[in-house]
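A quick write-up on the structure given underneath.
Number of protein chains: 2
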Amino acid sequence: MIYADANGSLPLLPEVRDYLATRIPSQLWGNPNAIHTLGSQIKGGMDKCREIVGDVLGANPTQVIWNSGSSESCSTVLQHVLLPMKTGKTIIYSSPIEHAAIGAALEHYKNVWDYELRYMPVSVDGLVDESWLASELDGNHHRCAMITCMAVNNETGVIQPWEKIRDLSKNHQIPFVCDTTQLIGRLPFHFNDSGLEWAMASGHKLGALPGSGFLLARDPGALKPLVWGGGQESGLRGGTQNYLGVETLAVALQTLPTKLARIPQLNAWRKNLEAGLPSGTVVIGAQLERLPGTMLIGCPGVHGQGVQIELEGQDIFVTTSAACSDNEPATSKVLRAMKIDDILGRSVIRASLPLSASESDYQALLGSLKTAYAKLNRIKAY
Amino acid sequence: MIYADANGSLPLLPEVRDYLATRIPSQLWGNPNAIHTLGSQIKGGMDKCREIVGDVLGANPTQVIWNSGSSESCSTVLQHVLLPMKTGKTIIYSSPIEHAAIGAALEHYKNVWDYELRYMPVSVDGLVDESWLASELDGNHHRCAMITCMAVNNETGVIQPWEKIRDLSKNHQIPFVCDTTQLIGRLPFHFNDSGLEWAMASGHKLGALPGSGFLLARDPGALKPLVWGGGQESGLRGGTQNYLGVETLAVALQTLPTKLARIPQLNAWRKNLEAGLPSGTVVIGAQLERLPGTMLIGCPGVHGQGVQIELEGQDIFVTTSAACSDNEPATSKVLRAMKIDDILGRSVIRASLPLSASESDYQALLGSLKTAYAKLNRIKAY
Numbered sequence: 000m001i002y003a004d005a006n007g008s009l010p011l012l013p014e015v016r017d018y019l020a021t022r023i024p025s026q027l028w029g030n031p032n033a034i035h036t037l038g039s040q041i042k043g044g045m046d047k048c049r050e051i052v053g054d055v056l057g058a059n060p061t062q063v064i065w066n067s068g069s070s071e072s073c074s075t076v077l078q079h080v081l082l083p084m085k086t087g088k089t090i091i092y093s094s095p096i097e098h099a100a101i102g103a104a105l106e107h108y109k110n111v112w113d114y115e116l117r118y119m120p121v122s123v124d125g126l127v128d129e130s131w132l133a134s135e136l137d138g139n140h141h142r143c144a145m146i147t148c149m150a151v152n153n154e155t156g157v158i159q160p161w162e163k164i165r166d167l168s169k170n171h172q173i174p175f176v177c178d179t180t181q182l183i184g185r186l187p188f189h190f191n192d193s194g195l196e197w198a199m200a201s202g203h204k205l206g207a208l209p210g211s212g213f214l215l216a217r218d219p220g221a222l223k224p225l226v227w228g229g230g231q232e233s234g235l236r237g238g239t240q241n242y243l244g245v246e247t248l249a250v251a252l253q254t255l256p257t258k259l260a261r262i263p264q265l266n267a268w269r270k271n272l273e274a275g276l277p278s279g280t281v282v283i284g285a286q287l288e289r290l291p292g293t294m295l296i297g298c299p300g301v302h303g304q305g306v307q308i309e310l311e312g313q314d315i316f317v318t319t320s321a322a323c324s325d326n327e328p329a330t331s332k333v334l335r336a337m338k339i340d341d342i343l344g345r346s347v348i349r350a351s352l353p354l355s356a357s358e359s360d361y362q363a364l365l366g367s368l369k370t371a372y373a374k375l376n377r378i379k380a381y
Numbered sequence: 000m001i002y003a004d005a006n007g008s009l010p011l012l013p014e015v016r017d018y019l020a021t022r023i024p025s026q027l028w029g030n031p032n033a034i035h036t037l038g039s040q041i042k043g044g045m046d047k048c049r050e051i052v053g054d055v056l057g058a059n060p061t062q063v064i065w066n067s068g069s070s071e072s073c074s075t076v077l078q079h080v081l082l083p084m085k086t087g088k089t090i091i092y093s094s095p096i097e098h099a100a101i102g103a104a105l106e107h108y109k110n111v112w113d114y115e116l117r118y119m120p121v122s123v124d125g126l127v128d129e130s131w132l133a134s135e136l137d138g139n140h141h142r143c144a145m146i147t148c149m150a151v152n153n154e155t156g157v158i159q160p161w162e163k164i165r166d167l168s169k170n171h172q173i174p175f176v177c178d179t180t181q182l183i184g185r186l187p188f189h190f191n192d193s194g195l196e197w198a199m200a201s202g203h204k205l206g207a208l209p210g211s212g213f214l215l216a217r218d219p220g221a222l223k224p225l226v227w228g229g230g231q232e233s234g235l236r237g238g239t240q241n242y243l244g245v246e247t248l249a250v251a252l253q254t255l256p257t258k259l260a261r262i263p264q265l266n267a268w269r270k271n272l273e274a275g276l277p278s279g280t281v282v283i284g285a286q287l288e289r290l291p292g293t294m295l296i297g298c299p300g301v302h303g304q305g306v307q308i309e310l311e312g313q314d315i316f317v318t319t320s321a322a323c324s325d326n327e328p329a330t331s332k333v334l335r336a337m338k339i340d341d342i343l344g345r346s347v348i349r350a351s352l353p354l355s356a357s358e359s360d361y362q363a364l365l366g367s368l369k370t371a372y373a374k375l376n377r378i379k380a381y
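Which chain is which? The protein sequence lines are V and Y, in order.
Quick note on numbering: numbering that gives the first Met the number 0 labels position 171 of the first sequence as 170, and the sequence is numbered without any gaps.
Quick note on numbering: numbering that gives the first Met the number 0 labels position 359 of the second sequence as 358, and the sequence is numbered without any gaps.
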């Protein structure tokens, strides 16, 4: 099997699987906030994990807030920044290619709280145009409640100009929310050097257990919680922690530094793959800096799900664009924002290989894509 | 080992452990919302779990919303009911013995949103007085935004008059939020017969994986999400689900019906235990209906943590009151609301045995308590 949907979710890493093999049968279960020694052992374990995660990602342990994952983190940070609404600060600048964890929340704030959403333009190959934001802010910075732009787009893999947007935000003293979900665990990242107020990650995207995750906060004491409760996480996130998930996050992140060193190699293998694709195929964002394992490939006129199914028949797992369902291929919201037409938009598949991928994974993927396109190009069913 | 902290958290059930032994090494990992067959298998599994949970708890599968647990559920329901603030509806009636998942959130709403909190009185043995609420509502129902009272108190195990409060709320058409966290999985419960709008449970209290849980909603489509995202859970709770946690919830809840049948037996064993306690000890709420495994036992003048440590020395795990820390015994918020003085309040230990406990667990607990009290009664250190 070749698993090429790492951006969607990453199966448990072998190291995590091995860890769980002895952890699950153990006796170490209980409430980490209880006064007995089972509790204090579990709590001590979580604090050790905090140090490990902080160490790998350049954060202080006190800046690590365990929670259920990025969607929760995004909702937490957005409500922290946006509620209550401040007089005169009614504009939110966003990109049209945000993950729904940001996008859906912003729609809510627009509907219920009267914020006005303004979208930065995005190029046809998927790069947000921050120069537009710079001129908007000249006139409107005083009315701006927040700016948000993801670090890396999950569909295209394109790395966004988040550092420039961060600087613009800082110059105007406007809160900047950067969704780092596809940055952490995929590219080098040092939280304290990043200049970001917050960063978020989901365990299931890192090869840890689903239902785990964390929010990094530069100034944790200032954060308004989303989930209230019994004082856990220094009062910043109520509820008994998913301590098993936390332990797997630490195990998973400990494997990261070695994997990041493979990026130049992965980029080279990806370059070969893309060079070998049949004529007629299009690689979205090919000229831009992208995650080394992500390729959003289309072939105008060929049904994206047809390619996905062909590949699955060869035990290779990719996805189509987020919006596709079995019977109604649709160009995704992200691609529509990039002004990509339906002929191309409905044809895309996203292959996202993990950092641990081998050269033969890239080669096998290319081989299967060539076979699939050769077969499907004969059928132009729509 | 005798684990008597079930109300705090319940170690993985043997059935869950067995399930995980083959599940974790399997290949079935991925994003349940992805278009490929790994995703659709995982998603199908979650829907099967929805049916199982609905079946055990008397809910329709569509009423089951997977999330990270009760604290998240409480925050979700409270923000749904309380935001935005409705003109003239400024009063919230609560009990002073609520779990912090409700209590801490209400404090937040009081501070930021100008709600006024009014507390129902509670008797010295831990029963909320709903007749007080009835007379308050006569004059103030039109100003009331919400009423909340837990079904079962986690410290005392006392079953609260939630059904009467539900009826009062319905008569006045006021939203009623009932924290069911210590009811589900401990006592018989049928959601659709309960007349409740919402019910919540945490996996780690049911012997499933930590970081799992669900909210039951009578009218799910009406719910305002707390965590926004990619449309998961019919748009009601964003973020990739903790599918492994969900599977363990189903496995755990399938064991419930058999265990509930043991309640009369457990009550009898608990009666024997309490009858055998040394003179000088006090059982809080002894005359009230309680969870069959919960005993909040004090011995005025004896340090509660001393008893907890003695019991741990005999491999029996109990807790003291929530507010205790190693060096500063303090009477818990709940006991203070019950007007229990420090001499008794600082002496309590809470033993909470699971539904699977044996008669010899109750007997061994009694034996150890007698030993501990005999030893500690000689030391009246504070």
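By construction, the Cβ of each residue, glycine as well, lies at the ideal position given by its N, Cα and C atoms.
> Y:Asn66 lies in the beta strand (DSSP E); which residues open and close that run?
Replying inline: Taking the second sequence and counting its residues from 1, the one referred to as residue 66 of chain Y is at position 67. Start and end: 63-66.
> By how many angstroms is the C-alpha of Y:Gly244 removed from the C-alpha of V:Leu195?
Replying inline: Locating residue 195 of chain V in the first sequence gives position 196, counting from the first residue. Locating residue 244 of chain Y in the second sequence gives position 245, counting from the first residue. Cα to Cα, V:Leu195 sits roughly 32 Å from Y:Gly244.
>> Within 7 Å of any Cβ in chain Y, is that where the Cβ of V:Leu354 sits?
In response: Residue 354 of chain V sits at position 355 when you count from the first residue of the first sequence. No - not a single Cβ of chain Y is within 7 Å of the one on V:Leu354.
> To the nearest whole angstrom, what separates the beta carbons of V:Ala150 and V:Asp178, a pair I think is in contact under 8 Å?
Replying inline: Along the first sequence, one-based indexing puts residue 150 of chain V at 151. Along the first sequence, one-based indexing puts residue 178 of chain V at 179. Indeed, because the Cβ distance is near 7 Å, the residues count as touching under 8 Å.
> Got a sec, what are the start and stop residues for the alpha helix (DSSP H) V:Thr392 sits in?
Replying inline: Since the displayed chain V opens at 0 and closes at 381, residue 392 of chain V lies outside it and no answer follows.
> Taking a cut of 9 Å between CB atoms, which residues from the segment 221-243 of chain Y lie near chain V?
Replying inline: Residues of the segment 221-243 of chain Y with a Cβ closer than 9 Å to any Cβ of chain V, in chain order: Lys223, Pro224, Leu225, Val226, Trp227, Gly228, Gly229, Gly230, Gln231, Gly234, Arg236, Gly237, Gly238, Thr239, Gln240, Asn241, Tyr242, Leu243.
>> Is it buried or exposed, Y:Ala5, if we count other Cβ atoms within 10 angstroms and call 16 or more buried?
In response: Sequence index remark: in the second sequence, residue 5 of chain Y carries index 6 (1-based). Its Cβ being crowded by 16 or more others within 10 Å, Y:Ala5 is buried.
> Where DSSP assigns a beta bridge to Y:Trp197, which residues make up the other side?
Replying inline: Here residue 197 of chain Y refers to the residue found at position 198 of the second sequence. Paired residues: Y:Ala216.
> Can a CB atom of chain V be found closer than 7 Å to the CB of Y:Ser367?
Replying inline: Within the second sequence, residue 367 of chain Y is the residue found at index 368, counting from 1. At a cut-off of 7 Å between beta carbons, Y:Ser367 makes no contact with chain V.
>> What residue range does the beta strand (DSSP E) around Y:Gly284 cover?
In response: On the second sequence, position 285 is the one that residue 284 of chain Y refers to. Segment: none, Y:Gly284 is in no beta strand (DSSP E) and carries neither H nor E.
> From which residue to which residue does the alpha helix (DSSP H) around V:Cys73 run?
Replying inline: Numbered from its first residue, the first sequence carries residue 73 of chain V at position 74. In the DSSP annotation of this structure, the continuous segment of the alpha helix (DSSP H) that includes V:Cys73 starts and ends at 69-81.
> Rounded C-beta distance between Y:Leu19 and Y:Gly29? I'm assuming under 8 Å.
Replying inline: For the purposes of this step, residue 19 of chain Y is taken as residue 20 along the second sequence, with counting starting at 1. For the purposes of this step, residue 29 of chain Y is taken as residue 30 along the second sequence, with counting starting at 1. The pair is not a contact, with the Cβ atoms about 18 Å apart (cut-off 8 Å).
>> Pop quiz: Y:Pro209 and Y:Ile64 are said to be a contact at Cβ under 8 Å. What is the actual Cβ separation, rounded to whole angstroms?
In response: Position 210 of the second sequence, counted from the start, is the residue given in the question as residue 209 of chain Y. Position 65 of the second sequence, counted from the start, is the residue given in the question as residue 64 of chain Y. The C-beta separation of Y:Pro209 from Y:Ile64 comes to about 18 Å, leaving the pair out of contact by the 8 Å criterion.
> Which chain Y residues sit within Cβ distance under 8 Å of V:Met0?
Replying inline: Position 1 of the first sequence, counting from 1, holds the residue named residue 0 of chain V. Residues of chain Y passing the Cβ test: Gln26.
>> Which same chain residues end up closer than 7 Å to V:Leu167 when comparing Cβ atoms and leaving out the 5 residues on each side of it in sequence?
In response: Numbered from 1 along the first sequence, position 168 holds the residue referred to as residue 167 of chain V. Glu129, Leu132, Ala133, Leu136.
> Which class does V:Ile183 belong to by DSSP, given the choice of helix, strand or coil?
Replying inline: For the purposes of this step, residue 183 of chain V is identified with residue 184 of the first sequence, where counting begins at 1. If DSSP states are grouped into helix, strand and coil, V:Ile183 belongs with coil.
> Is it buried or exposed for Y:Pro263, if we count other Cβ within 10 angstroms and need 16 for buried?
Replying inline: The residue labelled residue 263 of chain Y in the question sits at position 264 within the second sequence. Exposed, because fewer than 16 other Cβ atoms sit within 10 Å of the Cβ of Y:Pro263.
>> So, at 6 Å on beta carbons, what are the nonlocal neighbours of V:Met0 in its own chain, with the 5 sequence-adjacent residues on each side left out?
In response: The residue labelled residue 0 of chain V in the question sits at position 1 within the first sequence. Result list for V:Met0: Asp314, in chain order.
> Is the segment 111-130 of chain V touching the segment 282-295 of chain V in the sense that three or more CB pairs, one from each, lie closer than 8 Å?
Replying inline: With a cut-off of 8 Å, the segment 111-130 of chain V and the segment 282-295 of chain V count as touching, because enough Cβ pairs lie within range.
> Where does Y:Ser324 land, buried or exposed, given buried means 16+ other C-beta within 10 angstroms?
Replying inline: Along the second sequence, one-based indexing puts residue 324 of chain Y at 325. Caution is warranted here: a pLDDT of 44 is assigned to Y:Ser324, below 50, making its placement in the model unreliable, and the coordinate value is therefore given only provisionally. Residue environment for Y:Ser324: exposed (fewer than 16 other C-beta atoms within 10 angstroms of its C-beta).
> Among the residues of its own chain, which have a CB less than 7 Å from the CB of V:Lys88, if the five just before and after it don't count?
Replying inline: Residue 88 of chain V sits at position 89 when you count from the first residue of the first sequence. Same-chain partners within the cutoff: Arg142, Cys143, Ala144.
> What are the complete beta strand (DSSP E) segments, minimum 3 residues, inside the segment 88-175 of chain Y?
Replying inline: Runs found: 90-93, 115-118, 143-147.
> In or out: V:Asn271 buried (at least 16 other Cβ within 10 Å) or exposed?
Replying inline: Indexing the first sequence from 1 puts residue 271 of chain V at position 272. V:Asn271 should be labelled exposed.
> Going by DSSP, what residues sit across from V:Thr36 in a beta bridge?
Replying inline: Here residue 36 of chain V refers to the residue found at position 37 of the first sequence. For V:Thr36, which the question treats as bridged, DSSP gives no partner whatsoever.
> Going along the segment 102-113 of chain Y in order, which residues come within less than 9 Å of chain V, judged by CB to CB distance?
Replying inline: Under the 9 Å Cβ criterion, the segment 102-113 of chain Y contributes Gly102, Ala103, Ala104, Leu105, Glu106, His107, Val111, Trp112.
>> Helix, strand or coil for V:Gly234? Go by DSSP, reduced to three states.
In response: To locate residue 234 of chain V, count along the first sequence from 1; it is residue 235. Secondary structure at V:Gly234: helix, using DSSP grouped into helix, strand and coil.
> When the Cα atoms are used, what is the spatial distance from Y:Ser211 to Y:Ile378?
Replying inline: Within the second sequence, numbered from 1, the residue matching residue 211 of chain Y stands at position 212. Within the second sequence, numbered from 1, the residue matching residue 378 of chain Y stands at position 379. If you draw a straight line from the Cα of Y:Ser211 to the Cα of Y:Ile378, it is about 43 Å long.
> Taking only runs of the beta strand (DSSP E) that begin and end inside the segment 291-340 of chain V, which ones reach a length of at least 3 residues, in chain order?
Replying inline: Fully enclosed beta strand (DSSP E) runs of no fewer than 3 residues occupy 293-297 of the segment 291-340 of chain V, in order along the chain.
>> Rounded to whole angstroms, what is the Cα-Cα separation between V:Ile51 and V:Thr86?
In response: Here residue 51 of chain V corresponds to residue number 52 of the first sequence, with the count starting at 1. Here residue 86 of chain V corresponds to residue number 87 of the first sequence, with the count starting at 1. If I take the Cα positions, the gap works out to 41 Å.
> Rounded to the nearest angstrom, how far is the Cβ of Y:Leu9 from that of Y:Gly206, given a contact under 8 Å?
Replying inline: As a working note, residue 9 of chain Y is residue 10 in the second sequence. As a working note, residue 206 of chain Y is residue 207 in the second sequence. For a cut-off of 8 Å, the C-beta gap from Y:Leu9 to Y:Gly206 is around 4 Å, short enough to register as a contact.
>> Does the segment 352-363 of chain V come into contact with the segment 292-301 of chain V, if we say contact requires no fewer than three beta-carbon pairs (one atom in each stretch) closer than 8 Å?
In response: Cβ pair count under 8 Å is three or more, so yes.
>> So for V:Ile348, helix, strand or coil by DSSP?
In response: Position 349 of the first sequence, counted from the first residue, corresponds to residue 348 of chain V. V:Ile348: strand per DSSP, three-state reduction.
> When you compare only the Cα positions, how much space is there between Y:Ser74 and V:Gly297?
Replying inline: Residue mapping note: residue 74 of chain Y aligns to position 75 of the second sequence, counting from 1. Residue mapping note: residue 297 of chain V aligns to position 298 of the first sequence, counting from 1. A direct Cα-Cα distance of roughly 43 Å separates Y:Ser74 from V:Gly297.
> From Y:Leu259, Y:Ala260, Y:Val301, Y:Pro256, pick the residue whose C-alpha is nearest to that of Y:Pro278; which is it?
Replying inline: Counting from one through the second sequence, the residue named residue 278 of chain Y turns up at place 279. Correcting the residue identity first, residue 278 of chain Y is Ser in this sequence and not Pro. Among Y:Leu259, Y:Ala260, Y:Val301, Y:Pro256, the Cα nearest to that of Y:Ser278 belongs to Y:Val301.
>> Taking the beta carbon of V:Asn110 as the centre, do at least 16 other beta carbons fall within 10 Å, making it buried, or is it exposed?
In response: If you number the first sequence from 1, residue 110 of chain V lands on position 111. Around the Cβ of V:Asn110, a 10 Å sphere holds fewer than 16 other Cβ atoms; the residue is exposed.
>> Let me see if you follow: with CB-CB separation under 7 Å, is V:Pro10 close to chain Y or not?
In response: Looking up residue 10 of chain V in the first sequence gives position 11. Chain Y, which has a Cβ nearer than 7 Å to the Cβ of V:Pro10, makes this yes.
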